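Protein chains in written order, with full-length UniProt numbering: chain A, 1 to 372; chain B, 1 to 372.
Rendered as structure tokens:
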């Protein structure tokens with residue numbers, strides 16, 4: 001068995017995020033001590049096998065203060081500054097990180113509560129980009145962070161060994177670390193996390209007054225758009241307040257865009273120009289979605305099309321997929337080419353660009369007509 | 001083998017929806033004739049086994065006019081009126097339905113284009129509440145409609161046997177029919193489908209100008225909220241235009257709510273009252289999500305909590321789930337009870353109310369401490 005990535009880690013806060021980190025560390029045999037003010041949370045986390053429960057007094061008495069490599073703080077945003085500052089004092093030999101959604105506020109709160117500014121160099125902010133609309137240790141999973149980005153946000157005085165410890169934590173949890181300054185991180189999450197949260201909330205809020213006979217028509221689209229609106233209102237109140245300025249700016253912009261689409265619809269009888277405006281808005285959205293990276297941060301542009309001519313008989317598509325599958329090539333997308341000058345039945349297989357040679361060989365081997 | 005639910009069905013438009021209906025009907029041995037102006041679509045649909053391709057002339061020559069029970073029109077919204085009216089003329093013995101997303105406009109278009117208003121009594125609008133952000137026959141699936149609602153929208157003159165045929169189509173495709181007037185349907189989908197579509201589009205649109213280093217932080221929440229924004233812009237331009245008035249009203253309301261949240265965030269330093277406003281908005285969203293019915297339209301209220309006291313040892317939760325699973329009881333949700341007067345380790349198992357007796361018996365049998 002290889003050396004565990006950490007000797008001993010203290011996780012403060014056994015909620016969804018803290019317990020998931022603890023479970024992920026336990027996979028590698030790391031000793032985890034768990035603190036939580038709520039005995040119910042602590043009991044459930046222990047029952048899941050996330051670690052050994054300790055009170056703050058026990059943690060100190062137990063010589064933990066000397067032997068912990070890392071402290072991970074997973075408490076609500078409003079408590080972050082106090083708890084991080086306290087951890088820096090209680091565990092003078094450990095790097096300290098947190099799992100909070102807003103990093104400039106966490107740093108400012110830590111500075112404000114730190115008994116000495118000297119210990120601050122052991123603090124490096126962290127934010128795993130994973131979660132759930134559920135909360136609490138019951139929803140925790142050891143694989144919650146697999147393949148996700150994990151923002152690591154050192155401040156100007158953070159020590160390199162503390163940064164390295166937090167990046168090792170991210171990798172041990174199956175995530176890939178992404179280094180950003182606290183301020184840049186907050187700008188980014190305003191867009192990729194806080195704006196969609198409020199948009200989801202507003203759409204879901206309009207369901208409260210709907211007739212029940214109308215809601216029965218709800219499909220997967222509405223469910224997907226509103227899933228995160230089921231998140232904990234108290235937690236999100238704290239997160240949004242802590243990142244108020246960048247979030248407010250984006251919300252105003254989104255609201256203006258919604259009004260604009262509404263105005264276009266109201267004036268649609270006037271001219272085809274209105275429809276063109278609407279189409280442009282919708283195209284812009286489709287373009288935005290395509291910019292989202294794939295798993296592990298893979299760029300969508302890394303895929304290439306391979307055009308195949310499909311014979312005019314039932315079952316040919318199934319045969320094509322079977323041949324490609326047998327060759328071990330993963331198809332990312334399939335499209336029909338509707339260009340006016342291409343023959344009927346031209347199908348594009350989109351695969352990772354590295355897989356193109358293997359795909360071409362498999363297609364040739366099975367006699368498929370690769371076009372152009 | 002039982003009698004097929006239809007003798008012969010003509011599907012006009014072999015896109016995502018039409019091809020999926022055809023595939024669903026083929027499971028029951030129904031003879032399906034496919035028409036599509038795009039030979040590429042037709043070729044792919046036939047390759048998937050969706051039916052036999054025919055030209056409009058062949059459909060007539062082949063005596064189809066007399067023998068088709070049902071015609072299903074799956075063409076873009078702007079073409080619906082013409083194609084439905086034409087189908088009523090070409091297939092004088094058949095009920096005619098469509099798969100369009102807006103029903104008042106489809107009916108008005110059909111009236112406007114019908115050669116005789118007499119045939120209109122064989123038309124009954126339909127709208128399966130399923131789809132995909134992808135389009136075209138390649139994305140078609142025989143099980144696309146399983147467990148989904150299928151709006152059936154008769155007009156004042158629709159014949160009962162035509163309504164029955166469309167409801168039978170919905171059930172044959174695995175969906176459950178929901179009868180609504182065309183106008184009521186359009187109000188409902190403005191809320192459950194068109195509003196979330198535009199909200200998703202607006203959030204995704206703001207990603208177009210984001211720094212790439214910021215997008216790498218995107219998590220599952222953003223992906224879920226923006227998934228449907230990847231839908232076909234041309235199709236959605238037509239859908240939204242056809243339901244402009246109710247959609248515009250909801251978009252203005254959503255935009256006002258976004259502005260309101262933004263203003264609350266901007267003024268948050270002023271008073272705790274601002275936070276209370278924000279919390280109320282977020283709670284309203286969470287309440288809205290909980291109103292969404294489950295699969296097959298099941299009401300969320302049909303679930304009941306069973307409180308179980310968890311011993312203070314690792315592995316107890318896993319043992320609890322194993323015991324419940326062995327009893328064949330499906331757990332819908334699990335929550336920790338944090339009420340101040342309940343003991344630590346009290347976990348609520350939420351199950352369908354019909355399953356409560358079986359669950360209680362299994363828990364007692366395995367010696368679990370059911371609380372209260």
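Where is the CB? At the ideal position from N, CA and C, for every residue including glycine. None of the values given here were measured: they were computed from a predicted structure.
Per DSSP, the continuous alpha helix (DSSP H) segment holding residue 200(A) begins and ends at 195-205. In the three-state DSSP reduction, residue 218(B) falls in the coil class, being neither helix nor strand. In summary, the residues of the stretch 30-57 of chain B whose CB is separated from some CB of chain A by less than 8 Å are 38, 39, 40, 41, 42, 43, 44, 46, 47, 48 and 49, in the order they occur in the chain.
In chain order, 217, 218 and 219 make up the part of chain A whose C-beta sits under 8 Å from the C-beta of residue 129(B).
Close to residue 371(B), with beta-carbon spacing below 8 Å, lies no residue of chain A; the smallest spacing is near 13 Å. Residue pairing of residue 346(A) in beta bridges, as defined by DSSP: 309(A). Cβ-Cβ distances below 7 Å link residue 362(A) to 323, 324, 327 and 329 in the same chain, with the five nearest sequence neighbours on each side left out; the list follows chain order. Under the criterion of beta carbons closer than 8 Å, residue 24(A) and residue 142(A) qualify as touching, at roughly 5 Å. When secondary structure is reduced to three states using DSSP, residue 6(B) falls in the coil class, being assigned neither helix nor strand. For residue 246(A), there is no enclosing beta strand (DSSP E); the residue is found in the alpha helix (DSSP H) stretching over 244-266. Against chain A, the CB of residue 310(B) has a partner CB under 9 Å away; the residue lies at that interface. A straight line joining the alpha-carbon of residue 243(B) with that of residue 259(B) spans about 24 Å.
By the Cβ-count criterion, residue 154(A) is buried, with 16 or more other Cβ atoms from all chains shown falling within 10 Å of its own Cβ.
Comparing alpha carbon positions, the residue from 41(A), 320(A) and 53(A) closest to residue 31(A) is 53(A).
A residue is called buried once 16 or more other Cβ atoms fall within 10 Å of its Cβ, and residue 241(A) is buried on that count. Residue 241(B) carries a helical assignment under DSSP once its states are collapsed to helix, strand and coil. What residue 13(A) touches in chain B, judged by beta-carbon distance under 9 Å, is nothing: the nearest beta carbon there is about 14 Å away.
Think of a sphere of 7 Å around the beta carbon of residue 284(A): the chain B residues whose beta carbon falls inside it are 205 and 208, in chain order.
The C-alpha of residue 227(B) is placed about 19 Å away from the C-alpha of residue 251(B).
Interface criterion met: the Cβ of residue 234(B) is under 9 Å from a Cβ in chain A.
Per DSSP, residue 336(B) is one residue of the beta strand (DSSP E) stretching across 331-336. Going by DSSP, residue 155(A) is part of no alpha helix (DSSP H) at all; its letter is neither H nor E. Beta-bridge partners assigned by DSSP to residue 303(A): 352(A).
Residue 159(B) is not a Cβ neighbour of residue 98(B), given a cutoff of 9 Å.
Taking the CA atoms as reference points, residue 107(A) sits about 8 Å from residue 182(A).
With respect to residue 254(B), residue 202(A) sits close: the two C-beta atoms are nearer than 9 Å. For the stretch 102-128 of chain B, the set of residues with a beta-carbon nearer than 7 Å to any beta-carbon of chain A is empty. For the pair residue 319(A) and residue 151(A), the Cα-to-Cα distance works out to about 44 Å.
Per the Cβ contact rule, the stretch 192-209 of chain B is in contact with the stretch 281-293 of chain A (3 or more Cβ pairs under 8 Å). For residue 369(B), the three-state secondary structure derived from DSSP is strand. For residue 34(A), the uninterrupted beta strand (DSSP E) segment begins and ends at 31-35. The residue from 371(B), 85(B) and 83(B) with its alpha-carbon nearest to that of residue 311(B) is 371(B). In this structure, the alpha-carbon of residue 18(A) lies about 19 Å from that of residue 217(B). Residue environment: residue 256(B) is assigned as exposed (fewer than 16 neighbouring CB atoms within 10 Å of its CB, all protein chains considered). In terms of beta-carbon proximity, residue 281(A) lines the interface with chain B, with at least one pair separated by less than 9 Å. Given a length threshold of 3 residues, each whole run of the beta strand (DSSP E) inside the stretch 112-164 of chain B is given here in chain order: 125-128 and 149-153.
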